[in-house]
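Let me begin by presenting the structure, written as structure tokens, before commenting on it.
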Amino acid sequence: QNSNVENLPPHVLRLVYKEVSALAADPPEGIKIYPSEEDITELHTAIEGPEGTPFAGGIFRMRLVLGKDFPAGPPKGYFLTKIFHPNVGHKGEICVNVLKRDWKAELGLRHVLLTIKCLLIHPNPESALNEEAGRLLLEDYAEYESRARLLTEIHAMGGTSGAPQDPNDGPQPKKHAGDPMKRAGPRKKKADKKRALRRL
Numbered sequence: 107q108n109s110n111v112e113n114l115p116p117h118v119l120r121l122v123y124k125e126v127s128a129l130a131a132d133p134p135e136g137i138k139i140y141p142s143e144e145d146i147t148e149l150h151t152a153i154e155g156p157e158g159t160p161f162a163g164g165i166f167r168m169r170l171v172l173g174k175d176f177p178a179g180p181p182k183g184y185f186l187t188k189i190f191h192p193n194v195g196h197k198g199e200i201c202v203n204v205l206k207r208d209w210k211a212e213l214g215l216r217h218v219l220l221t222i223k224c225l226l227i228h229p230n231p232e233s234a235l236n237e238e239a240g241r242l243l244l245e246d247y248a249e250y251e252s253r254a255r256l257l258t259e260i261h262a263m264g265g266t267s268g269a270p271q272d273p274n275d276g277p278q279p280k281k282h283a284g285d286p287m288k289r290a291g292p293r294k295k296k297a298d299k300k301r302a303l304r305r306l
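Structural data, given as structure tokens:
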């Protein structure tokens, strides 16, 4: 793993330190920042899956890598948590136009993180890295949604993503197989829901 610290001029490193400290102190909503003391050119973050999307309730770990041409060139983004999304390749690489042609040096890392979070809400099937996800998004949204949700449940929930989970946000921890509550199964839950609705 090559660090770019020695490739970046001191004034750029100072700016990056300053911005990363500001981000860590006051992160964008739904995004946590884990700065590394050793390598400021690689920023680890965790993004909460936005409500109302198939990623809701998941915590998605991600890293931003600043190249030696930063800030003239944009950082590269990678999802470390597996995700089914048109703009995320099989190795986790993120295709975002702002990280390519719309990039301006003054945009900064906060803008990049918010753009990636936005992409979870509004995928862009035109620049798909995952062709299948792009096709399903356009042709069979229900299937796209169920695939995306399944991967979110497997990979981004229950603390496996390495990000600390707040028990109050997102879905409650899964019940163990031996749990008598589990035996009731989804059918009982549905009936309870209907009953609750009737009361309203």
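Residues 107 to 306, numbered by this note's numbering, are exactly what the sequence shown covers, in order.
We put the beta carbon where it would ideally sit given N, CA and C, even for glycine.
Note that the C-beta distance between L242 and Y250 is below 8 Å.
Non-local beta-carbon contacts of A211 in its own chain, meaning distances under 8 Å to residues more than five positions away in sequence, involve P177, A178 in chain order.
When the Cα atoms are used, E259 and H117 turn out to be separated by approximately 42 Å. If you compare the alpha carbons of Y123, P133, G163, E245 with that of L226, the shortest gap goes to G163. Separation of D132 and T151 (C-alpha to C-alpha, rounded to the nearest whole angstrom) is 13 Å. DSSP places K206 in no beta strand (DSSP E); its state is neither H nor E.
Under DSSP, the beta-bridge partners assigned to R167 are A152. Residue state for K174 is assigned as coil, using DSSP reduced to three classes. I165 sits close to E154, with the two beta carbons spaced by under 8 Å.
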